[in-house]
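S.K.:
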Amino acid sequence: MEIWVNPRCSKCRSALSLLDEEGAEYTVRRYLDEPPTRQELEEVLGRLGLEPWDIARTGEAVAKELGMASWKREPAARDQWLDALAEHPILIQRPIITADDGTAVVGRSPEAVRSVLE
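Numbered per my numbering, the sequence shown spans residues -18 to 99.
1) Between L63 and V9, what straight-line distance do the alpha-carbon atoms span, to the nearest angstrom?
2) Can you pull the DSSP bridge partners for V(-14)?
3) State the Cα-Cα distance for the pair T79 and E2, rounded to the nearest angstrom.
4) Within a Cβ cutoff of 6 Å, which residues of the same chain sit near A(-4), ignoring the five residues on either side of it in sequence?
5) If you draw a straight line from the C-alpha of L47 to the C-alpha of L13, how long is it?
6) Return the bridge partner residues of A85 from the DSSP annotation.
7) Tell me where the alpha helix (DSSP H) around L26 begins and ends.
8) Give me the residue from W34, T39, E68 with the minimum Cα distance to A57.
9) Just tell me which of E92, T84, S90 has its CA closest to the CA of R28.
10) Please name the residue, chosen from I36, S96, R54, that lies closest to I73 on a Cα-to-Cα basis.
11) If distances are taken between C-alpha atoms only, which option among H69, V(-14), M(-18) comes closest to T39?
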């Protein structure tokens, strides 16, 4: 299992603590230091069953600079969203956990984190 984290994020720290408490084996990826490629983003989105706008942090300053709030959330705009997430990883929601069984989850709640442990 791999978990994409920003060490300054309280939700990420909580997810890591929960994984440790449960004795889970995992690899930490500091995704701001080692950004996912566009292909990795597409793979993770497929595992999550989500679209890029579903995992975008539109409240970030760079999102405002890009005008993301006005971007269409439809298949024709998918490439625009993916390009932005790949170029500006700060826009990616966190933490994202990819489990060994092929599932993935945005681990913002203890329940979401536990769901990949079952």
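No residue lacks a Cβ here, since even glycine has one placed at the ideal position from N, Cα and C.
M.R.: In short, the structure shows the following:
1) Cα to Cα, L63 sits roughly 22 Å from V9.
2) In DSSP, V(-14) forms a bridge with R11.
3) One C-alpha to the other measures close to 18 Å.
4) The residues are P76, G88, V94.
5) The C-alpha of L13 is placed about 18 Å away from the C-alpha of L47.
6) DSSP lists T79 as partners of A85.
7) Taken as a continuous stretch (DSSP letters only), the alpha helix (DSSP H) holding L26 covers 19 to 29.
8) The shortest C-alpha to C-alpha distance from A57 to any of W34, T39, E68 is the one to W34.
9) When only C-alpha atoms are compared, the closest one is T84.
10) Among I36, S96, R54, the Cα nearest to that of I73 is on I36.
11) Minimum Cα distance to T39 is reached at H69.
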